[in-house]
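Below is one structure, written out as structure tokens; the observations come after it.
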């Protein structure tokens, strides 16, 4: 660290080697730390209260992604759509939710859109999207209201809340973003069960109206009290000097060394690591979105009972959230790249099991493979986000992570768009082939993780 003030000496005591810091400091890699005021001194609340405020917002808006597939059979009956047509609003939703990552980060860093304000705005858009789902009179209205507005709104909420979780916990960002991201999936689990078992076409309008009020109200209320810390803020404890070097203080250093330097998005792209991460997340996101959108649809087509469909989809959604939460603990021991490759490989294998279990009606196999697919589909997001910091540093972390996450938009085209095309061409006999294709995509993503390498800054001595 630079600019450290000398330790104060007390009579009869040894000088403590690491005096308490106050001010802005920089380590040998170029990372800055603004140490001094605690979260309570800055905001009047502990940082855990801010984190707790992000969780209900994400619990609420996650319904738009994870609950949609379970409503598709009802949508087709209520609005007179084919299954392929009913999937296209979620495709557009994924394009705008994933594609909003970079613009939201850019506006936030320029001071044009504070996270709390973004969450309130996103709450209104999500409420409009859910109301549209119940009352729209055609596919065009669904594409605009649910796809465009709902995707943009969910993106505002998701990216802002995940950013706040990482910003207030810079010493454990993966664990806290995993917790926040896990809420994004877990909140939909009871909705999935209720929609699969009890929702009828005549009830769709009323159910969506209630959902719009609840989701919009809860999310807006949370957004009103979500302050952002100063740039480069670091809590009074732990000491950043020990955290940056001592594996006893920061156990993740053993398997996940810090970035060799600070990289802008352009530098990260030229290094080759950012395009490789984008490819991994695009393929992994395609499989995850395909499972969320199509598993309930295909199980209905195979003649599964509503209880079996609800159990399988709820298992998929719950383990998707649990996978996000557990990703940090596993990656501390195995390393984030290895953990990512392992969960994607398991997810790929699970796709073949989903095809076999769904087609044969073997419910235990179906539930087991749904759990594996959910873990892989959820863990890929916090792990790639953390790898972006491990590889490219924290100075431009918001934009770098945004560029990585934006690959989800391409994943939506591959996963949901591919499934919609398949259903349009072969509505009754292409289900097994779709799961097999998803398995190959997940295995390809796992193989691509082997090509992820941390950029190294090379400096030469002038001759």
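Numbering (our numbering), first residue to last: 162 to 624.
Where a beta carbon is used, it is the ideal one built from N, C-alpha and C, also for glycine.
Query	Result
Given 8 Å, three or more beta-carbon pairs between the segment 227-235 and the segment 453-472	yes
Endpoints, the beta strand (DSSP E) within which residue 187 is located	184-187
Cβ neighbour criterion (16 or more within 10 Å) applied to residue 577	buried
Segments of 4+ residues assigned as alpha helix (DSSP H) that fall wholly inside the segment 522-605	524-553, 558-566, 568-573, 579-586
Contact set for residue 636: own chain, Cβ-Cβ below 6 Å, skip 5 residues either direction	Only positions 162 to 624 of the chain appear in this structure, which leaves residue 636 out of reach.
Under the three-state DSSP convention, the category residue 192 falls into	coil
Runs of beta strand (DSSP E) lying entirely within the segment 449-481, each at least 3 residues, in chain order	none
Residue 405 to residue 411 span [Cα, whole Å]	7 Å
The alpha helix (DSSP H) enclosing residue 229, as first and last residue numbers	229-240
Cβ-based neighbour list, residue 397, same chain, cut-off 6 Å, excluding 5 preceding and 5 following	199
From 352, 307, 273, 341, residue whose alpha carbon lies closest to that of residue 471	352
Rounded separation between residue 422 and residue 446 - CA only	28 Å
Neighbourhood of residue 580 by C-beta, 7 Å cutoff - its chain only, sequence neighbours within 5 removed	248, 451, 454, 455, 595
Contact set for residue 276: own chain, Cβ-Cβ below 7 Å, skip 5 residues either direction	269, 321, 324, 325, 387, 389
Proximity to residue 520 [Cα-Cα], best of 590, 542, 312	590
Among 302, 254, 463, the one whose alpha carbon lies nearest that of residue 242	302
Under 7 Å between C-beta atoms of residue 493 and residue 413	yes
Residue 395 burial status per 10 Å Cβ neighbour count (16 or more: buried)	buried
Boundaries (first-last residue) of the alpha helix (DSSP H) holding residue 204	200-204
Residue 192, buried or exposed, once every other Cβ within 10 Å from all chains shown has been counted against 16	buried
Where the alpha helix (DSSP H) through residue 374 begins and ends	365-384
Buried versus exposed, by CB contacts within 10 Å (16 or more), residue 549	buried
Residues of its chain near residue 617, where Cβ-Cβ distance is below 6 Å and the 5 sequence neighbours each way are ignored	421
Endpoints, alpha helix (DSSP H) assigned at residue 319	312-329
Nearest neighbour of residue 499, chosen from 288, 428, 544, 565 [CA to CA]	544
Cβ shell of residue 310 (< 6 Å), same chain only, five flanking positions each side left out	286, 289, 290
Cβ-Cβ separation, residue 350 to residue 475 (assumed contact under 8 Å), whole Å	5 Å
Span separating the alpha-carbon of residue 366 from that of residue 293	9 Å
contact_flag[the segment 476-484, the segment 535-544] where n(CB pairs < 8 Å) is 3 or more	yes
CB of residue 383 within 7 Å of CB of residue 262, strictly	no
Through-space distance from residue 307 to residue 608, alpha-carbon basis	35 Å
Residue 611 - containing alpha helix (DSSP H), residue span	Neither: residue 611 is in no alpha helix (DSSP H) and is coded neither H nor E.
Euclidean distance between Cα positions of residue 496 and residue 251	33 Å
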